[in-house]
Amino acid sequence: MDSKINLEHALGQFKNYISAYDENDPKINLKITHTYRVMEICGILAKGMDLPEEKRKLAELIGLLHDIGRFEQLRLTNSFDDSVIPHAKCSLMVLFDQRHLRDFIETKEYDAIIYESIKNHGVFLVDENLKDEELLFTKIIRDGDKLDNFHTKLIESMETMLDVTMEELEAEEVSDYAYETFMDGRPLLNSKRETHLDMWVSYIGYMFDLNLPQSFAYVREHDYINRLVDRVAYKNPKAEQRMEDIREKMIQFVGKK
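The sequence shown begins at 6 in this note's numbering and counts up one residue at a time.
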């Protein structure tokens, strides 16, 4: 049976869509490279789950489209700040309100899965009323997005990610809220973070919210826990000890998955 999803065509359409934006802008380029990596990781996760080829392609397509609203968000606000315009809402606007989804896939068969997966890919709590396949692909894109986020945190400058120099970050503390929440095994609420180092801890804490065994295997394979903790040379003794506790907590957590 012929596939209803042509990824080569979809990639061509994506390149055509982003041609309207300045690819030399570092922020635009960051989201383009992120998109391609998430697409690839979603395919890796789907293959690891032994999903049939059509479903693997669907996972990759959702990876390709999940952040398509980022470009319009940046054009309208010159920012990736979701408090102004949530980027998932922008993606749904581009794909469904402006009907660009048909540029990427002709059939409407997967529209509900694509819609719900993108809608829920970045929320703190996933909609409890999702149907089985909607939830499955939501888990894949949420995990794929986070796994690439770990990669990004290792290669981008602190100034770009946290608006702080590495030297300033090294001198900071981990707040009681961040430490206690992490050691409790819970993701941090962005609004309750007190320091830039809290933000760094919250990125490591994304691992608490991973869903799939294949995702935890990916974290172990890429040694993301140690690499993220060790990227900062902590000058504050209390912060250094807390980060060692955080390392051990997450190693134990991921090791059991």
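Idealized CB from N, CA, C, for every residue including glycine.
All of these numbers come straight from a predicted model, not from anything done at the bench.
Residues in the same chain with beta-carbon distance under 6 angstroms from G127, minus the five sequence neighbours each way, listed in chain order, please. Here residue 127 is taken as the residue at index 122 of the sequence shown, counted from 1. So the qualifying residues of the chain are A93.
Work out the CA separation of I119 and V179 for me, nearest whole Å. As a working mapping, residue 179 is identified with position 174 in the sequence shown. As a working mapping, residue 119 is identified with position 114 in the sequence shown. Distance between the alpha carbons of V179 and I119: 38 angstroms.
Where H126 sits in the DSSP three-state scheme: Here the question's residue 126 lines up with position 121 in the sequence shown. Coil.
Cβ separation of L69 and F19, assumed to be a contact under 8 angstroms, to the nearest whole Å: Within the sequence shown, numbered from 1, the residue matching residue 69 stands at position 64. Within the sequence shown, numbered from 1, the residue matching residue 19 stands at position 14. Indeed they touch by this definition, with Cβ atoms about 6 angstroms apart.
Should the segment 226 to 238 be called in touch with the segment 148 to 161, which here means at least 3 C-beta pairs below 8 angstroms? yes
In terms of alpha-carbon separation, which member of L135, S196, E121, D189 lies closest to S88? Position 83 of the sequence shown, counted from the start, is the residue given in the question as residue 88. Closest option to S88, Cα to Cα, is S196.
Using a threshold of 8 angstroms, state whether the C-beta atoms of E175 and A238 are closer than that. Sequence index remark: in the sequence shown, residue 175 carries index 170 (1-based). Sequence index remark: in the sequence shown, residue 238 carries index 233 (1-based). For E175 and A238, yes; Cβs fall inside 8 angstroms.
Spatial distance of L193 from M54 (CA atoms): What you label residue 193 is simply residue 188 of the sequence shown in a count that begins at 1. What you label residue 54 is simply residue 49 of the sequence shown in a count that begins at 1. Distance between the alpha carbons of L193 and M54 is about 29 angstroms.
Work out the CA separation of K60 and R198 for me, nearest whole Å. Within the sequence shown, numbered from 1, the residue matching residue 198 stands at position 193. Within the sequence shown, numbered from 1, the residue matching residue 60 stands at position 55. Approximately 38 angstroms between the Cα atoms of the pair.
Pick out whichever of Y22, E65, F85 has its Cα sitting closest to the Cα of L35. By one-based count along the sequence shown, residue 35 stands at place 30. It is F85 whose Cα lies nearest to the Cα of L35.
For G190, which of helix, strand or coil comes out of DSSP? In the sequence shown, counting from the first residue as 1, residue 190 sits at position 185. Here G190 sits in coil by DSSP.
When you compare each of N125, W205, E133, I123 to E161 by their alpha carbons, which one comes out closest? Numbered from 1 along the sequence shown, position 156 holds the residue referred to as residue 161. With distances taken between Cα atoms, E161 lies closest to W205.
Limits of the unbroken alpha helix (DSSP H) element including M163: As a first step, residue 163 is located in the sequence shown; it is residue number 158 there, counting from the start. Taken as a continuous stretch (DSSP letters only), the alpha helix (DSSP H) holding M163 covers 163 to 167.
Can you tell me whether S122 is buried or exposed? The criterion is at least 16 other CB atoms within 10 Å of its CB, across all chains shown. Numbered from its first residue, the sequence shown carries residue 122 at position 117. Buried, because 16 or more other Cβ atoms sit within 10 Å of the Cβ of S122.
Do you know whose CA, among P31, A25, K62, lies nearest H14's CA? Looking up residue 14 in the sequence shown gives position 9. Out of P31, A25, K62, K62 has the C-alpha closest to the C-alpha of H14.
Going by beta-carbon coordinates alone, are Y26 and R80 separated by less than 8 angstroms? For the purposes of this step, residue 26 is taken as residue 21 along the sequence shown, with counting starting at 1. For the purposes of this step, residue 80 is taken as residue 75 along the sequence shown, with counting starting at 1. Result yes, Cβ atoms of Y26 and R80 sit closer than 8 angstroms.
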